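Structure, as structure tokens:
Numbering (UniProt numbering), first residue to last: 1 to 445.
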């Protein structure tokens, strides 16, 4: 709950005749570069605000000098009055001597009466409320609040305010502003390939693509018919990475913009099955007969200039996920892990049967390893045990024992440091988290 706004108003000053200032902080989360405080300066006439980020309160004096030089140079006017509280940063002797030296009146309000400095207090509260809202929407780490803060002050300076008759930007700058460049904070952005650090690599990739186009006679130049609208084309750029996420090659492909090109082809002859997955110029062949796949590759080599990379080094497997409300309440870690292992085992059985029916994955008759980091859950899944900590578990969850007995699944103990599922369920140290990222084939931004 907050106090109601005070309705008292004073006379409006001329530009830079009165500047409101307040220090806010320390923040609970340090921003990048160690910023913990923000100090605001607001022109009473236009309500145009400036904010500066500082690491310590003692930096306030330097930021005021920076603000004074900036606004006086921009407007051609001088600051007459600085209104602030009696905080130590404003009562510093250097600060007060500087104000006296430049003929600036220091207007200090009564202690414990923030309503006397309502302009700055209200502005700081509005800024922080907007920052929290923006950060919640963008789902970024809390340390990025400084960038959200810079955005909020820019927004407030460019939108109408009840305190003044016009937009603060127009009153301060003397001209209308443009909003065409405004975007939602945190929205996806794209860096033009030719403006990036890898520009030279992309140019080389484009040159290779054009050489391939001409050598394979991809098109024939003709006059455009009057009743035909040609299909456009565009460049597709891709960094090809290895299993560890490191860039192997830069690829550039010129493709038609018809949106009707197939990416999956299948060939089924009796019991022989072959799938061809195509992404631009990358081809993945999957089948249940090696000789048949070899014949397909040899035929493709006669039609196109291609390079055989032999067996795929890694292929993203089938992804199974679910989000349901748990029907039982677990009163121990062992019980929760045991129930989760049973649900995972059922998914493994379904996935194994699905891949077996496709007949494209070898060795599906072998048992699939299910890793669990709880010793009690592993022991209970292998053999029946009846004791006070597990005898109340519902019978349906003991299905995992039958699955293990049939040989479909092998439940194995894994240590938390090696469990790649941990980043999705708990907070980890930076070292362990980075290790799991590497194992998952991911990389940090």
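Glycine included, each C-beta is placed from N, C-alpha and C at the ideal position.
As the structure is a prediction and not an experimental result, all values here were calculated from the model.
Rounded to whole angstroms, the gap between the alpha carbons of residue 403 and residue 275 is 31 Å. Here residue 214 is exposed. Its C-beta has fewer than 16 other C-beta atoms within 10 Å. Here residue 416 is exposed. Its C-beta has fewer than 16 other C-beta atoms within 10 Å. Annotation: residue 345 is outside any beta strand (DSSP E); the continuous alpha helix (DSSP H) that includes it extends over 333 to 358. Between residue 164 and residue 75, the gap from beta carbon to beta carbon reaches 8 Å or more. Around the beta-carbon of residue 73, fewer than 16 other beta-carbon atoms lie within 10 Å, marking it exposed. Straight-line measurement puts the Cα of residue 199 at about 28 Å from the Cα of residue 308. Note on residue 41: 16 or more other CB atoms within 10 angstroms of its CB, so buried under the neighbour-count rule. For residue 187, DSSP assigns no beta-bridge partner whatsoever.
Cβ-Cβ distances below 6 Å link residue 90 to 84 in the same chain, with the five nearest sequence neighbours on each side left out; the list follows chain order. The three-state secondary structure of residue 235, taken from DSSP, is strand.
Under the 8 Å Cβ criterion, the region 94 to 104 does not count as touching the region 116 to 135, having fewer than three qualifying pairs. Judged by DSSP in its simplified three-state form, residue 37 adopts strand. Cβ neighbours of residue 248 within its own chain (closer than 7 Å, five residues either side excluded): 240, 241 and 242. Distance from the CA of residue 25 to the CA of residue 124, rounded to the nearest whole angstrom, comes to 10 Å. In the structure shown, residue 151 falls within a helical segment according to DSSP collapsed to helix, strand and coil. If you compare the alpha carbons of 406, 273 and 300 with that of residue 290, the shortest gap goes to 273.
The continuous stretches of alpha helix (DSSP H) do not include residue 32, and DSSP gives it neither H nor E. Close CB contacts of residue 397 within its chain, under the 6 Å cut and outside five residues either way in sequence, are with 339 and 342 (chain order). Spatial neighbours of residue 435 in its own chain (CB-CB distance under 8 Å, excluding positions within 5 residues in sequence) are listed in chain order as 417. Here residue 68 is buried, its C-beta having at least 16 other C-beta atoms within 10 Å.
Here residue 233 is exposed. Its C-beta has fewer than 16 other C-beta atoms within 10 Å.
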